[in-house]
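For the sequence shown, this note's numbering begins at 1 and goes up steadily by one. For reference, the structure discussed in these notes is given below.
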Amino acid sequence: MNYDHNQIQSTPDPDYYVVGGTLKVSDRSYVPRATDQQLLDNLINGEYCYVLTTRQMGKSSLMVRTAAKLKEFNIRSAIIDLTSIGTSVELEAWYLGQIRRIVRQLRLHFDYLSWWRENASFSEVDRYSMFISEILLEKVYSSVVLFIDEIDSTLSLSYSDDFFAAIRSLYNERAINSELERLTFVLLGVASPSDLVKAVERTPFNIGRRIELNDFTLEEAQPLAAGLAPGSDQAFKLLKQIINWTGGHPYLTQKTCQVVAQWAKESWDTTQVDKIVENLVRETFLTKRGKYNDDNLHFVRE
């Protein structure tokens, strides 16, 4: 990646960085990785995918950025955050929560509650599959990607095996129903694929392409230099030291960049540059106060 050094800001800017949470499409400190293109290419080709890795690795930010990119290819998408539906809900409410979000985000003119009641003779999971295959694909003419985020929240649900079986069934039915080739699921979360289906007598969740989220390389992280220091030479020198300390971990890197930018803004001193990253990293992450003040560190892999 050849980064434009002219994008280096004239003054350090701690607000350039987003620490914790999902980055918006407009956030300048988003760092594209090789994974971004891999996921996008797979979805354009209609491949089911899953992004299952530890927390604070940028899964949700990747999801939001990919959904925006898909629009450029006339592919519509909906994002379902399962934690927003909850785990202390009845089976019917859980499926209706997903359907409501799909209807709202894709702006479908459809009375899903009446339809749900009219088809009460079918099971909840069957109605969910019917909604996807018979209603959603009838009302949306383009390809559709459904992002199911925080998939690990299903591990405490007694009925989640049926949900994953339904997704696998929709995938397998492509062989007899070509319309289902327009539908793609992306599962995101912390759980491993072998954890998703709990009953040992059922077929495990064994479909889709695994998308590996790796730490930033120094080359990939170059956009983060923009808010670090006055002048590109010092900014890239600081960035290299930051990556050496964080290993390119997305959360640790954004956080360290923000802390360094705050120092540079308040007390820039070229005689301290060589040592400042080490001092700030130790103070921010390795002291008792730093660990106590940052709950996100509990989720950062060792």
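Think of the CB as a built atom: it goes at the ideal place given N, C-alpha and C, for glycine as much as any other residue.
Residue i vs residue j beta-carbon contact at 8 Å
i: LEU137; j: LEU183; result: yes
i: LEU188; j: VAL89; result: no
i: PRO12; j: ALA264; result: yes
i: LEU70; j: VAL145; result: yes
i: ILE80; j: ILE135; result: no
i: ARG85; j: TRP94; result: Rather than Arg, the amino acid found at residue 85 in this sequence is Ile. Their beta carbons are under 8 Å apart, which means ILE85 touches TRP94 by this criterion.
i: TYR159; j: LEU82; result: no
i: LEU40; j: ALA78; result: no
i: ILE99; j: PHE131; result: yes
i: THR256; j: THR284; result: yes
i: TYR17; j: GLN258; result: yes
i: THR53; j: SER153; result: no
i: SER341; j: SER129; result: Because the chain here runs from 1 to 302, residue 341 falls outside it and cannot be looked at.
Pick from the options that is closest to residue i, judged by C-alpha positions
i: TRP245; options: ILE102, VAL260, LEU43; result: VAL260
i: LEU196; options: SER156, LEU228, ASN214, LEU62; result: SER156
i: GLY21; options: LEU39, MET63, GLY46, ARG282; result: MET63
i: ILE75; options: LEU96, THR53, THR87, LEU43; result: LEU43
i: VAL281; options: GLU266, SER267, GLY247; result: GLY247
i: HIS249; options: GLY227, LEU218, THR87; result: LEU218
i: LYS237; options: GLU179, VAL273, ASP15; result: VAL273
i: TYR171; options: VAL19, ALA120, GLY208; result: GLY208
i: LEU239; options: VAL277, ILE211, TYR251; result: VAL277
Between the CA atoms of residue j and residue i - distance to the nearest angstrom
i: ILE151; j: ALA191; result: 7 Å
i: TYR30; j: ARG117; result: 44 Å
i: ARG202; j: LEU213; result: 28 Å
i: GLU173; j: LEU286; result: 52 Å
i: SER194; j: ASP215; result: 24 Å
i: VAL186; j: SER26; result: 22 Å
i: LEU23; j: SER123; result: 38 Å
i: ASN206; j: ASP162; result: 14 Å
i: GLN222; j: GLN234; result: 13 Å
i: ALA226; j: GLY46; result: 36 Å
i: LEU228; j: ALA67; result: 29 Å
i: GLN262; j: TYR48; result: 42 Å
i: ASN279; j: SER232; result: 22 Å
i: ASP15; j: LEU96; result: 39 Å
i: ASN177; j: ARG127; result: 18 Å
i: LEU224; j: ARG210; result: 27 Å
Element boundaries [beta strand (DSSP E), containing residue i]
i: GLY189; result: 183 to 189
i: ASP81; result: 76 to 81
i: VAL145; result: 144 to 149
First through last residue of the alpha helix (DSSP H) which encompasses residue i
i: ASP15; result: Premise fails: ASP15 is in no alpha helix (DSSP H) and is neither H nor E.
i: VAL51; result: Taken as a continuous stretch (DSSP letters only), VAL51 belongs to no alpha helix (DSSP H), being part of the beta strand (DSSP E) at 49 to 52.
i: ILE243; result: 232 to 246
i: GLN38; result: 34 to 44
i: SER60; result: 59 to 71
i: ARG117; result: 112 to 118
i: THR91; result: A small correction: the amino acid at residue 91 is Leu; Thr does not occupy that position in the sequence shown. Here the alpha helix (DSSP H) through LEU91 covers 91 to 105.
i: SER156; result: Premise fails: SER156 is in no alpha helix (DSSP H) and is neither H nor E.
i: THR256; result: 250 to 267
i: ASP126; result: 124 to 130
i: PRO223; result: Taken as a continuous stretch (DSSP letters only), PRO223 belongs to no alpha helix (DSSP H), as it is neither H nor E.
i: SER194; result: 193 to 196
If you pair each beta-carbon of the stretch 51 to 67 with each one of the stretch 17 to 35, do three or more pairs fall below 8 Å?
At 8 Å Cβ cutoff, the stretches touch.
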